[in-house]
């Protein structure tokens, strides 16, 4: 069956770890279509992987299987899980790397970093008959996650791989907040290949009169929102392709210019 | 249909932008075969993308669709186009990134950076029914170019996507010239992963007696042409795999050794 | 036919050399499934390519074709070969890049760097009717290896491409040795994306009482073996996913911490 399976890892491109996973998948489902999302996640950076995945999964065909292996706890007692949503399946360690997806199906309070689910199902991966044998304690991506994704792509129901799970680990995602003087404060979530600062502020967070806001980042102030990267001069702010507020530098690299890093604050002031 | 679609971008490998485009393509044509040409084009470097594409497109099967998204003017009034040649289709912004292909089908004079075409057809991409909706003003690669390429791969005729266009934007490609004393002067077009300097001089530009020329680059002089990278010592010159004169360093990196950069002059003197 | 063809090169990701090879393959076998193993091998580093390939090929489906182009002698008189093992085919220059595979099928003594084979067959690639024409003397990957791999994937027998070869070039692979005082000495073979030092010592080389050994690397000593990257603190040693002893740094980069490089010695002392 020609299901699509995507790969998101922190394995980099100078080793053969990703290829080993793909070989395992093709040995089980020769018809699977394999697509790389990203392998340049910084080692063990779960929140970066979570963000990068969040910007891509929604554009894949229904029932795509997303394999995510950023797994610093490999071989310890962290759980491995399948998350089935109405649109897709995710195969990953239960360490927060699916936080943005889980957030779409959240219900109730996060307790001990675990978010109860509504409208999506999760299953622990415990049935070893689907795994490679023996399992290396240091590479579950190859020996557990890859064969599970391949069997899923052949139509095996997620419940065959283990017991249902009611809640999944989530990261404390940075949420915009408002200060007493009305300033909206968000954070840099990601700095992309162009040096664009992608922030936690989404279009719905901003006042309806976009033109009348100021955006403060570092020691710089940007007045109003642009529509494209090519229409303003110098630093500019716009709503990017994943609906987040971005800070960009015309024909340059805003991240380098501002010496910015993930987590930096970005402040929005309306003009009344 | 299992058409081949290639991808050339400046998106890098640390974001999910390329993956989002691939997801969109597979949602429209699940049978498309997706091949990366290059995503490490420097941000907004149209001429680099044009050169890299020129070294690969000719080796793909007939009717391959080449999607090229190096698009600093995204969202502005730059045109998006389909170029149909006898061998392939190209989907790209009309910003010069197809210059080497257009050059094969050029007729008449370039006017206002636009080259009239002969033997190839071009069409503006204006029919929004083929696009994703809404279109992000900052990511036409995902919302316009990818779905257009996918529909092309299903057999939709290019004329369905918009009106014919008679001329396309070209870059001023560096052409070799000859000085009054008979010296042939070219430029470095590209420095590859091995540090080879790939120049604008092609085999047909050189005098027939290859062995009797000298190649000057920086403060160095190379006498005669080698046939392979492995047969000479030190700096050597040869006709590379895309028919361009290259300067190479045996077991080393000529670009680093010569501190060379794209645009540097390379001079050929015949020995009479 | 939907055979799997893998690619391992030192071409990097900023040029279109890999894409040109893939285009050639798809022109001959449109159904081939193309999987990248690694393109970030350092230029001309045959031993690195050999190691990286050795960690991946065993995980691919039976009869996968592995195309390996790390070929500093391209265009010289180095031989091009097909190696057929019971599980897979390899298409590569005969320069040692297949050493780890050849080692599985070795018989008799290495003479003049050549290892006689047992249980696997090798053939010289000399029949030019399978090649692109003309052949660039600087890019056999595109003009010879890629079309040969594609024709192999269509079912052409390796003997059609040239005469049998009885022995293949091998690198002097570093082997662990034991000093007079009983210390087992190995070497660092590879440093991966996480900074893990992967050594030439395999699980079978170690004494059965793992817990009672010490591992010395640089000026550091590690006591005992861990089972996973996540269970110890600081520097740790474990048997990694390819059965080699690895030195790792919890939540860090052992290679950078130890300023290690490929070839460095690692010493194992048992405790009696």
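Residue numbers (the numbering used here), protein chains in the order written: chain A, 3 to 274; chain B, 3 to 274; chain C, 3 to 274.
Where is the CB? At the ideal position from N, CA and C, for every residue including glycine.
Using only the alpha-carbon positions, how far apart do residue i and residue j sit?
{"i": "residue 41 of chain B", "j": "residue 161 of chain C", "result": "38 Å"}
{"i": "residue 86 of chain C", "j": "residue 154 of chain C", "result": "11 Å"}
{"i": "residue 231 of chain C", "j": "residue 144 of chain A", "result": "16 Å"}
{"i": "residue 128 of chain B", "j": "residue 218 of chain A", "result": "37 Å"}
{"i": "residue 58 of chain C", "j": "residue 66 of chain C", "result": "12 Å"}
{"i": "residue 260 of chain A", "j": "residue 238 of chain A", "result": "12 Å"}
{"i": "residue 4 of chain A", "j": "residue 31 of chain A", "result": "8 Å"}
{"i": "residue 88 of chain C", "j": "residue 152 of chain A", "result": "25 Å"}
{"i": "residue 134 of chain C", "j": "residue 15 of chain B", "result": "31 Å"}
{"i": "residue 55 of chain A", "j": "residue 25 of chain B", "result": "12 Å"}
{"i": "residue 277 of chain A", "j": "residue 118 of chain A", "result": "Past the boundaries of the shown model lies residue 277 of chain A; chain A is included only from 3 to 274, so the question cannot be answered."}
{"i": "residue 171 of chain C", "j": "residue 68 of chain B", "result": "40 Å"}
{"i": "residue 167 of chain C", "j": "residue 49 of chain C", "result": "22 Å"}
{"i": "residue 195 of chain B", "j": "residue 252 of chain B", "result": "14 Å"}
{"i": "residue 74 of chain C", "j": "residue 148 of chain A", "result": "35 Å"}
{"i": "residue 271 of chain B", "j": "residue 182 of chain B", "result": "12 Å"}
{"i": "residue 142 of chain A", "j": "residue 19 of chain A", "result": "11 Å"}
{"i": "residue 97 of chain A", "j": "residue 235 of chain A", "result": "41 Å"}
{"i": "residue 268 of chain B", "j": "residue 245 of chain B", "result": "16 Å"}
{"i": "residue 131 of chain A", "j": "residue 13 of chain C", "result": "39 Å"}
{"i": "residue 146 of chain A", "j": "residue 81 of chain A", "result": "12 Å"}
{"i": "residue 45 of chain B", "j": "residue 254 of chain A", "result": "9 Å"}
{"i": "residue 37 of chain C", "j": "residue 229 of chain A", "result": "39 Å"}
{"i": "residue 64 of chain B", "j": "residue 136 of chain C", "result": "19 Å"}
{"i": "residue 47 of chain A", "j": "residue 60 of chain A", "result": "21 Å"}
{"i": "residue 1 of chain C", "j": "residue 180 of chain C", "result": "With chain C covering 3 to 274 only, the question about residue 1 of chain C has no answer from this structure."}
{"i": "residue 23 of chain A", "j": "residue 17 of chain A", "result": "12 Å"}
{"i": "residue 210 of chain C", "j": "residue 176 of chain A", "result": "49 Å"}
{"i": "residue 159 of chain B", "j": "residue 159 of chain A", "result": "40 Å"}
{"i": "residue 109 of chain B", "j": "residue 6 of chain B", "result": "29 Å"}
{"i": "residue 193 of chain C", "j": "residue 193 of chain A", "result": "27 Å"}
Between residue i and residue j, is the Cβ-Cβ spacing less than 8 Å?
{"i": "residue 174 of chain C", "j": "residue 188 of chain C", "result": "no"}
{"i": "residue 94 of chain A", "j": "residue 104 of chain A", "result": "no"}
{"i": "residue 125 of chain A", "j": "residue 157 of chain A", "result": "no"}
{"i": "residue 11 of chain C", "j": "residue 21 of chain A", "result": "no"}
{"i": "residue 240 of chain A", "j": "residue 208 of chain A", "result": "no"}
{"i": "residue 43 of chain C", "j": "residue 34 of chain C", "result": "no"}
{"i": "residue 215 of chain B", "j": "residue 227 of chain B", "result": "yes"}
{"i": "residue 62 of chain B", "j": "residue 29 of chain C", "result": "yes"}
{"i": "residue 275 of chain C", "j": "residue 91 of chain C", "result": "Nothing can be reported for residue 275 of chain C: it is not among the residues displayed for chain C, which extend from 3 to 274."}
{"i": "residue 185 of chain B", "j": "residue 233 of chain A", "result": "no"}
{"i": "residue 150 of chain B", "j": "residue 265 of chain B", "result": "no"}
{"i": "residue 243 of chain A", "j": "residue 138 of chain B", "result": "yes"}
{"i": "residue 122 of chain A", "j": "residue 197 of chain A", "result": "no"}
Less than 8 Å between the CB atoms is what I'm expecting for residue i and residue j, so what's the real figure, rounded?
{"i": "residue 220 of chain B", "j": "residue 262 of chain B", "result": "7 Å"}
{"i": "residue 249 of chain C", "j": "residue 224 of chain C", "result": "7 Å"}
{"i": "residue 70 of chain C", "j": "residue 99 of chain C", "result": "5 Å"}
{"i": "residue 140 of chain B", "j": "residue 76 of chain B", "result": "6 Å"}
Please determine whether the Cβ atom of residue i lies at a distance below 7 Å from any heavy atom of the ligand MG.
{"i": "residue 215 of chain B", "result": "No copy of the ligand MG appears in this structure; indeed no ligand is present at all."}
**Message:** Under 9 Å, CB to CB, which of the residues in the stretch 60 to 79 of chain A have a partner in chain B?
**Reply:** Listed by position, the residues of the stretch 60 to 79 of chain A near chain B (Cβ gap below 9 Å) are 60, 61, 62, 63, 64, 66.
**Request:** With 7 Å as the limit, tell me which residues of the stretch 135 to 161 of chain A have their beta carbon closer than that to any beta carbon of chain C; keep them in chain order.
**Result:** Answer in chain order: 138, 139, 140, 141, 144.
**Message:** Taking 8 Å as the cut-off, does the stretch 106 to 123 of chain A touch the stretch 197 to 204 of chain C (at least 3 CB pairs, one atom from each stretch)?
**Reply:** With a cut-off of 8 Å, the stretch 106 to 123 of chain A and the stretch 197 to 204 of chain C do not count as touching, because too few Cβ pairs lie within range.
**Asked** In chain order, what residues of the stretch 212 to 233 of chain A put their CB closer than 8 Å to some CB of chain B?
**Response** From the stretch 212 to 233 of chain A, only 229, 230, 231, 232, 233 have a Cβ closer than 8 Å to chain B.
**Interface positions of the stretch 6 to 31 of chain A facing chain C (Cβ-Cβ less than 7 Å), listed along the chain** = Taking 7 Å as the Cβ-Cβ cut-off against chain C, the residues of the stretch 6 to 31 of chain A that qualify are 13, 14, 15, 16, 17, 18, 21, 22, 24, 25, 26, 28, 29.
**Item:** Where the stretch 178 to 200 of chain B meets chain C: residues whose CB sits under 7 Å from a CB there
**Value:** Residues of the stretch 178 to 200 of chain B whose Cβ lies closer than 7 Å to any Cβ of chain C, in chain order: 194, 195, 196.
**Item:** Cβ-based contacts, 9 Å cut-off: residues of the stretch 79 to 95 of chain A near chain C
**Value:** Answer in chain order: 80.
**Asked** For the stretch 234 to 247 of chain C, which residues have a beta carbon sitting closer than 7 Å to at least one beta carbon of chain A?
**Response** When CB distances to chain A are screened at a threshold of 7 Å, the residues of the stretch 234 to 247 of chain C falling below it are 240, 242, 243, in chain order.
**Request:** Could you list the residues in the stretch 254 to 268 of chain A with a C-beta less than 7 Å from some C-beta on chain B, going in chain order?
**Result:** Hits within the stretch: zero.
**Message:** Closer than 8 Å between beta carbons: that is the criterion. Which residues of the stretch 39 to 60 of chain B meet it against chain A?
**Reply:** Contacts with chain A (Cβ-Cβ distance below 8 Å) from the stretch 39 to 60 of chain B involve 45, 46, listed in chain order.
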